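Single-structure report; data block below.
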Amino acid sequence: MISIRRELQKSLMIALLIASIMLLLASAYGTLEEINELFDAQLRQTAQLIQQQEDALHIAHVSGAKGLAYPPGALALHKVHGEREALIQIWDTDGTLLYSSHPAIPYPDLKATGLVSTVFESQQWRSYSVRTEDDIVQVSQPMHGRARISSEIAMRILVPVLMLFPILGLFSWYAVRRGLAPINTVSAAIGERTPASLVPISQENVPEEILPLVGSLNNFINRLDNALKLQRQFTADAAHELRTPLTAIQLQLQVMMRAQTEEGRAEAELRLSRGVRRAIDLVQKLLTFTRVEPEGPVTRQEACHLNALVTTAYEQFADVAADKTVTLTLPRCDEAAVLGDADNLQILLNNLVDNAIRYTPEGGHVELSLALAAGFAVFTVTDDGIGVPEAERERIFDRFYRVVGTRTQGTGLGLAIVREIAERHGATLKVSDGKNGSGTTFAIKFPLFS
Ligand code: ADP
Numbered sequence: 066m067i068s069i070r071r072e073l074q075k076s077l078m079i080a081l082l083i084a085s086i087m088l089l090l091a092s093a094y095g096t097l098e099e100i101n102e103l104f105d106a107q108l109r110q111t112a113q114l115i116q117q118q119e120d121a122l123h124i125a126h127v128s129g130a131k132g133l134a135y136p137p138g139a140l141a142l143h144k145v146h147g148e149r150e151a152l153i154q155i156w157d158t159d160g161t162l163l164y165s166s167h168p169a170i171p172y173p174d175l176k177a178t179g180l181v182s183t184v185f186e187s188q189q190w191r192s193y194s195v196r197t198e199d200d201i202v203q204v205s206q207p208m209h210g211r212a213r214i215s216s217e218i219a220m221r222i223l224v225p226v227l228m229l230f231p232i233l234g235l236f237s238w239y240a241v242r243r244g245l246a247p248i249n250t251v252s253a254a255i256g257e258r259t260p261a262s263l264v265p266i267s268q269e270n271v272p273e274e275i276l277p278l279v280g281s282l283n284n285f286i287n288r289l290d291n292a293l294k295l296q297r298q299f300t301a302d303a304a305h306e307l308r309t310p311l312t313a314i315q316l317q318l319q320v321m322m323r324a325q326t327e328e329g330r331a332e333a334e335l336r337l338s339r340g341v342r343r344a345i346d347l348v349q350k351l352l353t354f355t356r357v358e359p360e361g362p363v364t365r366q367e368a369c370h371l372n373a374l375v376t377t378a379y380e381q382f383a384d385v386a387a388d389k390t391v392t393l394t395l396p397r398c399d400e401a402a403v404l405g406d407a408d409n410l411q412i413l414l415n416n417l418v419d420n421a422i423r424y425t426p427e428g429g430h431v432e433l434s435l436a437l438a439a440g441f442a443v444f445t446v447t448d449d450g451i452g453v454p455e456a457e458r459e460r461i462f463d464r465f466y467r468v469v470g471t472r473t474q475g476t477g478l479g480l481a482i483v484r485e486i487a488e489r490h491g492a493t494l495k496v497s498d499g500k501n502g503s504g505t506t507f508a509i510k511f512p513l514f515s
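Heads up: the sequence shown is residues 66 to 515, going by my numbering.
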């Protein structure tokens with residue numbers, strides 16, 4: 066499992082390791098530079114002091130080329146750094162070695178003045194030479210001692226750096242623990258939420274890093290709360306609506322059981338079967354509604370040929386209309402493609418056509434049309450039926466709402482379904498008068514799919 070704490074600590078430790086290595090390298094390099102300067106200065110000082118010591122030079126001259134004795138003045142000076150001695154050589158101007166502090170080392174006369182680096186017997190050496198009137202004083206030293214001292218110093222730095230690891234590890238563990246504590250608080254707050262109490266999570270003392278997370282969670286909680294409220298309301302409404310046809314069924318059943326004559330019984334049976342059909346209709350509409358309501362499954366998004374769906378609706382309702390002697394026509398059906406869910410769109414069209422036929426008395430007219438207009442496809446259903454009073458034209462789209470006094474059987478869900486599907490497809494709805502001042506026109510404007 067991914068752990069922010071582990072990741073942070075790992076990154077911190079890696080950063081610390083890289084920083085330590087860089088620190089060690091920089092300090093080793095810096096120390097080497099300093100030691101070089103120091104040792105070079107000591108070589109120079111030694112050479113210059115010997116130069117100034119007339120005695121030493123004199124002894125060197127006296128002792129001649131063999132020069133095995135240490136010049137007394139130089140003896141104290143050639144110890145450059147503890148056991149790391151310097152090789153002191155005095156040459157005359159002809160190149161004859163007058164004196165050597167270590168005669169066994171055949172270090173050559175470099176014939177130079179000042180500081181010189183050279184390789185002698187596969188080793189790096191450093192020499193400083195000064196001229197006197199008659200002689201050359203050359204003080205030399207192998208370089209390896211310097212590198213060793215600088216790495217020794219670097220190693221001494223390594224110890225405190227290594228000690229930093231556990232200390233920093235501990236600090237980072239504590240800091241990360243403290244920093245992540247609000248996440249625990251937030252998760253405890255989420256844990257307390259139940260479907261019955263979906264209160265937003267408090268944003269007080271929430272660090273800015275997790276504030277967006279808490280914000281999104283609160284948004285989600287709000288939407289969930291609204292959806293649950295809608296669900297509860299819907300269930301209550303649905304139960305209430307179902308009670309009416311079920312009570313009617315019960316009454317009709319009783320009437321049927323008490324019927325004395327064959328005709329009375331047949332009449333009661335007919336009523337009962339109508340009642341059952343109404344209940345089935347309502348359940349069917351409820352099911353459709355739960356499928357298309359906002360929190361239901363997401364509408365599919367595919368190119369749908371609206372003209373084909375309109376033709377299907379027209380054909381499906383041709384017989385129903387003929388039965389009721391309502392003239393159903395489709396004078397215009399332009400080709401139009403829209404983006405959405407064909408099944409849902411078919412439900413929308415069918416509901417509108419079904420309503421128009423149901424709310425139009427015998428001998429009436431229902432006209433369907435699908436016309437293209439400036440990037441839109443407009444589907445209209447016009448009837449010359451009972452019409453919808455202007456004041457009711459908004460409300461008829463509410464769930465279970467039916468215009469008072471409507472005698473035609475219905476559930477009050479058909480237009481609520483129409484509105485949901487239209488909204489899901491980005492379509493707009495308009496209700497206006499029907500033809501010749503009577504009836505109703507429902508117009509739905511769909512954005513075209515291109
Ligand atoms: P239902 O038709 O099942 O009652 P709807 O939601 O489809 O439910 O319609 C709601 C109400 O709107 C209907 O009860 C009716 O009063 C009114 N209505 C719908 N369509 C028409 C129409 N074409 N003509 C007149 N009234 C209509």
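Glycine included, each C-beta is placed from N, C-alpha and C at the ideal position. Just so we're clear, the structure is a prediction, and the values are computed from it rather than from any experiment.
| Check | Outcome |
| --- | --- |
| For glycine 502, collect the residues of the same chain with a Cβ closer than 8 Å to its Cβ; drop the 5 residues on either side in sequence, then sort them by chain order. | none |
| Using DSSP with H/G/I as helix, E/B as strand and the rest coil, what is glycine 340? | helix |
| Any chance the CB of threonine 447 is under 7 Å from a heavy atom of the ligand ADP? | no |
| May I have the straight-line CA-CA distance separating glutamine 325 from threonine 312, to the nearest angstrom? | 22 Å |
| Is the closest heavy atom of the ligand ADP to the C-beta of arginine 467 under 7 Å? | yes |
| Would the beta-carbon of phenylalanine 462 fall within 8 Å of that of proline 512? | no |
| Can you tell me which of Leu89, Thr197, Leu163 and Ala80 puts its alpha carbon nearest to the alpha carbon of glutamine 118? | Thr197 |
| Give every residue of the same chain whose Cβ lies closer than 7 Å to the Cβ of histidine 143, excluding the five residues on either side of it in the sequence, and list them in chain order. | With a pLDDT of 41 at histidine 143, under the threshold of 50, the modelled position of that residue is not reliable, and the figure given next carries that caveat. These residues qualify, in order along the chain: Thr111, Glu150, Ala151, Ile153 and Ser166. |
| Quick one, which of Ile412, Thr445 and Val391 has its alpha-carbon nearest tyrosine 424's? | Val391 |
| Under 7 Å: does the beta carbon of valine 385 sit that close to some heavy atom of the ligand ADP? | no |
| Going by the C-beta, is proline 480 closer than 7 Å to any heavy atom of the ligand ADP? | Sequence inspection shows leucine at residue 480; the proline mentioned does not correspond to that position. Yes, the beta carbon of leucine 480 sits closer than 7 Å to at least one heavy atom of the ligand ADP. |
| According to DSSP, which residues form a beta bridge with tyrosine 193? | Leu180 and Val204 |
| Return yes when at least one heavy atom of the ligand ADP lies under 7 Å from the C-beta of alanine 421, else no. | yes |
| Can leucine 435 and phenylalanine 444 be called in contact, C-beta distance under 8 Å? | yes |
| Grab me the residues of alanine 130's own chain with a C-beta within less than 8 Å of its C-beta, minus the 5 sequence neighbours each way, in chain order. | Low confidence applies to alanine 130: its pLDDT is 41, below 50, so where it sits in the model is not reliable enough to give any reading. |
| Alpha carbon to alpha carbon, how far is arginine 71 from proline 231? | 15 Å |
| Buried or exposed for lysine 350, please, with buried defined as at least 16 other CB atoms from any protein chain shown within 10 angstroms of its CB. | buried |
| Under 7 Å from any heavy atom of the ligand ADP, does the C-beta of glutamate 391 make it? | Glutamate is not the amino acid found at residue 391; the sequence shown has valine there. No, Cβ of valine 391 sits at least 7 Å from all heavy atoms of the ligand ADP. |
| Just checking my contact of glycine 234 with glutamine 113 at CB under 8 Å: how many whole Å lie between their CB atoms? | That belief does not hold up - the Cβ atoms of glycine 234 and glutamine 113 are roughly 53 Å apart, past 8 Å. |
| Going along the chain, which residues of its own chain have a beta-carbon closer than 6 Å to the beta-carbon of aspartate 498, five neighbours each way excluded? | none |
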